[in-house]
Amino acid sequence: MPPRHRIEPRQFLKRLPLFADLSAEQLDAVAAATSEVHAARGHVIFKRGDPCNGFHTIIYGNVKLCFLSSQGDEKVVELLGPNQSFGEALMFMDRPYIVQAEALADCMLLHVRKQAIYEEIERNPAFSRRMLSGMSRRLHGLISDVESYSLRSGSQRVVGYLLKDDPVPGQEVTFLVSKKMIASRLNLSPEYFSRVLHDMADHGMLAIDGRSITILDTERLRAYEG
């Protein structure tokens, strides 16, 4: 794990859209309720059933949220990176975590205690709207996932993942996590995910180099049915 460099939470928080419009005094109050969390790769940040006393935002590194079965099987719910946050909804529900959060790389996060958020919501309607907007986007994403799992074929889910950032021909898409983890996120088996990628490569739609995918033909990819 890289050397731990202490940061000033206030300086990072004010760069986040949620806190961007807070006054210096308000930002100081939130920063006082914020603590650093360092997690080495593979470290479990919290487990299902742990109490939720606030939310996390990622400064660097990647985190997966997942369900684990009693047999040890894993279903990845979300893959998160820098400047993304998680845990807000359960914080408001006063319920324990229902997923496990695990560091996929050496991570540094900030944990904001819920009492500071409650106090800011009480006095700042604009802050409340931004908090609601962020949670609404997360809910919309989860509903889109359900739609994808229910109505789209496996190959269409792979296409959607590759084209989600609207890459142009010749652009490289880098997988920040393993293909196995992405397959779980898409509700696919690793074997199926790999087979679809190689079929796309065989038909000249993309080129594969480890975790790097070069998009060669976006129009044919969009029309791909497997």
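Numbering (the working numbering), first residue to last: 804 to 1029.
The beta carbon of each residue, even a glycine, is placed where N, CA and C say it ideally should be.
These numbers come from a predicted model, not from an experiment.
Looking at the DSSP output, Ile-1016 sits in a beta bridge with Val-976, Ile-1011.
In this chain, the alpha helix (DSSP H) harbouring Gln-918 covers 917-926.
Ile-1018 sits close to Pro-972, with the two beta carbons spaced by under 8 Å. According to the DSSP assignment, Val-961 belongs to the alpha helix (DSSP H) that extends over 957-965. The DSSP-derived three-state label of Tyr-952 is helix. Exclusion of the five residues before and after Pro-993 leaves Lys-983, Ala-986 as the residues of its chain whose Cβ lies within less than 6 Å of its Cβ. Spanning the alpha carbons of Glu-1022 and Phe-996 requires a straight line of approximately 20 Å. Judged by DSSP secondary structure, Ala-843 falls outside any alpha helix (DSSP H); it is assigned neither H nor E. Runs of the beta strand (DSSP E) lying entirely within the region 864-924 and spanning at least 3 residues, in chain order: 866-871, 877-883, 903-906, 910-916. Taking a C-beta distance under 8 Å as the contact criterion, Glu-1028 and Ser-958 qualify as a contact pair.
The criterion of a C-beta distance shorter than 8 Å is satisfied by Phe-870 and Val-902.
Our two residues, Gln-918 and Gly-857, have alpha carbons roughly 8 Å apart in a direct line. Only exposed fits Arg-940, as fewer than 16 other CB atoms lie within 10 angstroms of its CB. In the DSSP assignment, the residues bridged to Ile-861 are Leu-912. Cβ-Cβ distances below 6 Å link Phe-849 to Tyr-900, Ala-904 in the same chain, with the five nearest sequence neighbours on each side left out; the list follows chain order. Each residue's CA atom was taken as its position, placing Lys-867 and Ser-826 some 33 Å apart. Beyond the five residues adjoining it in sequence on each side, Ala-929 comes within less than 7 Å, by CB distance, of Asp-824 in the same chain, given in chain order.
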